[in-house]
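Enquirer: Have a look at this one before I ask anything.
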Amino acid sequence: MVFDSTTRRAVIGGAFAMSASQYAAAQTSGTLTADQVIDRIRQNVGVPWRAQTVDKIVLGDGATPVKGVATTMMATFDVVKRCVAAGMNLIITHETPVYIHQDDVQPLAKDPTYLAKKEYIERNQAVVFHFHDHWHSRRPDGIATGMTRELGWEKNIDLENPRRYTFPGTPLAQFAKDMQTRLSARTMRVVGDPKMPVNRVTASWGYMSAVAMAARPEIEVLVVGETREWEVVEYMQDCIAAGQKKALIIVGHVLSEQAGMKYCAEWLKTLVTEVPVQFIAAPEPFWSPNNPAA
Ligand SMILES: [Zn+2]
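Just so you know, we're using numbering that gives the first Met the number 0 here: the sequence shown kicks off at 0 and counts up by one.
What follows is the structure, encoded as structure tokens:
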């Protein structure tokens, strides 16, 4: 879903948005701040803003004037540097830039890597905004929407449950190969019989840990970003050994959500017109000896 300009005006005119004069001032003076962009996200994401959320500025100062907005799956130091080089100083990242989902930096207070990243961000007047919870709670889920598009699965989606897809019995090996090509994945991993026909697919983008979910009888092929090898991976192996038709495809966390943040940039372009908005891809972190990084 993309907001049209009528909706946007209506929401921006709402009680919690900038006043019309503030909005006009920001547009004409060129002093759009990070806080103002985040306000527009809050007003337009389509779900009430939660009292408890990780969606906040983690590094940098919200009063900073914005030169450009980057969206990314994971603001690693390398990605931050590439955003800054591209002139994007508001970096909207799906996963935390500080390695702990809740963004508690206390344990990192003396960590040289964290301090180097923080210093770089401050020196370059960049701001990093963690945008996780509300992009997922948007309906339809912003990450799921982007991933469905990237994989070309729009025609396969179950409209009742956008995490489920149906396919015409493609052999698992071919199905996984198609996913690998679509996502340009170097290290995707698969558990299951390569010849198994793929009919029903359930996706859990990002991290998933629930054996109970994998156990559901309707689960045939489960696609995840990452999961524990001594829980769900072992469980799926045992399901197969017990004679069930199941398979597991492990894409890697970054590639399993990345396209959702590409879609986020498209959405943000409808809210932010004063400065450029750009998606900056986070590279897949792993390579394999059979398929080394370039
Ligand atoms: Zn996510």
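Glycine is no exception: its CB is placed at the ideal position from the N, C-alpha and C atoms. Remember, predicted model here, so these are calculated numbers, not experimental data.
Measuring only from the beta carbon, is Glu225 closer than 7 Å to any heavy atom that is part of ligand 1?
Expert: no
Enquirer: Using the Cα positions of Gln173 and Gly251, report the straight-line distance between them to the nearest angstrom.
Expert: 19 Å
Enquirer: Have a look at Asn88 and Pro111 and give me their C-alpha separation to the nearest angstrom.
Expert: 22 Å
Enquirer: Between Asn155 and Lys194, what straight-line distance do the alpha-carbon atoms span, to the nearest angstrom?
Expert: Across the structure, Asn155 and Lys194 are spaced so that their CA atoms are roughly 20 Å apart.
Enquirer: Kindly examine ligand 1 and report whether one of its heavy atoms sits closer than 7 Å to the Cβ of Gln121.
Expert: The question names Gln, but residue 121 is Glu in the sequence shown. No, ligand 1 has no heavy atom inside 7 Å of this Cβ.
Enquirer: Do Lys176 and Ile218 have their beta-carbon atoms positioned less than 8 Å apart in this structure?
Expert: no
Enquirer: Roughly how many angstroms lie between the CA atoms of Val222 and Ser203, to the nearest whole one?
Expert: So the two alpha carbons sit approximately 6 Å from each other.
Enquirer: In whole angstroms, what is the alpha-carbon distance linking Arg163 and Val200?
Expert: 6 Å
Enquirer: Can you give me the Cβ contacts of Val83 inside the same chain, cut-off strictly under 7 Å, excluding the 5 residues immediately before and after it?
Expert: Asn123, Ala125
Enquirer: Should Phe278 and Thr75 be called a contact, given that it needs their Cβ atoms to be closer than 8 Å?
Expert: Taking the C-beta atoms as reference points, Thr75 is found no nearer than 8 Å to Phe278.
Enquirer: Is it true that the region 132 to 151 meets the region 40 to 51, where meeting means three or more beta-carbon pairs spaced less than 8 Å apart?
Expert: As far as the Cβ criterion goes, the region 132 to 151 touches the region 40 to 51, which means the pair count is three or higher.
Enquirer: Look up Arg227 in the DSSP assignment and give the residues it is bridged to.
Expert: Under the DSSP definition of a beta bridge, Arg227 lacks any partner.
Enquirer: Let me check one thing: in DSSP terms, what residues is Asp140 bridge-paired to?
Expert: Residue pairing by DSSP leaves Asp140 without any beta bridge partner.
Enquirer: Return yes when at least one heavy atom of ligand 1 lies under 7 Å from the C-beta of His133, else no.
Expert: no
Enquirer: Under a three-way DSSP split, which group does Asp77 fall into?
Expert: helix
Enquirer: Measuring alpha carbon to alpha carbon, tell me which of Ala214, Gly224, Leu58, Pro106 ends up nearest Gln236.
Expert: Ala214
Enquirer: Below 8 Å on the Cβ atoms is my guess for Ile90 versus Val127; work out the distance and round it to an integer in Å.
Expert: 5 Å
Enquirer: What is the DSSP secondary structure of Leu58, counted as helix, strand or coil?
Expert: Strand.
Enquirer: Does the distance between the C-beta of Arg142 and the nearest non-hydrogen atom of ligand 1 fall short of 7 Å?
Expert: The sequence given here places Ile at residue 142; Arg does not occur at that position. For ligand 1, at least one heavy atom lies less than 7 Å from the Cβ of Ile142.
Enquirer: Run through DSSP, which three-state label would Gly45 get?
Expert: coil
Enquirer: Can you tell me which of the three DSSP states Ala24 falls into?
Expert: Here the model assigns Ala24 a pLDDT of 49, short of 50, so the residue's position is not dependable and the matter cannot be decided.
Enquirer: CA-CA distance, Trp286 and Thr63?
Expert: 37 Å
Enquirer: Please go through the region 204 to 275 and give each complete alpha helix (DSSP H) segment of 4 or more residues, from N-terminal end onward.
Expert: 210 to 214, 233 to 240, 252 to 268
Enquirer: Using only the alpha-carbon positions, how far apart do Pro288 and Asp34 sit?
Expert: 44 Å
Enquirer: Anyone know if the C-beta pair for Leu313 and Glu283 falls short of 8 Å?
Expert: Nothing about residue 313 can be reported from this structure: the residues present for the chain run from 0 to 293 only.
Enquirer: Can you tell me which of Ile37, Val104, Glu265, Lys116 puts its alpha carbon nearest to the alpha carbon of Ile142?
Expert: Of Ile37, Val104, Glu265, Lys116, the residue nearest in Cα terms is Glu265.
Enquirer: Rounded to the nearest angstrom, what separates Thr294 and Arg181 at their Cα positions?
Expert: The structure shown does not extend to residue 294, since the chain is modelled only from 0 through 293, so no value can be given for it.
Enquirer: In whole angstroms, give me the CA-to-CA distance for Thr95 and Arg41.
Expert: Distance between the alpha carbons of Thr95 and Arg41 is about 18 Å.
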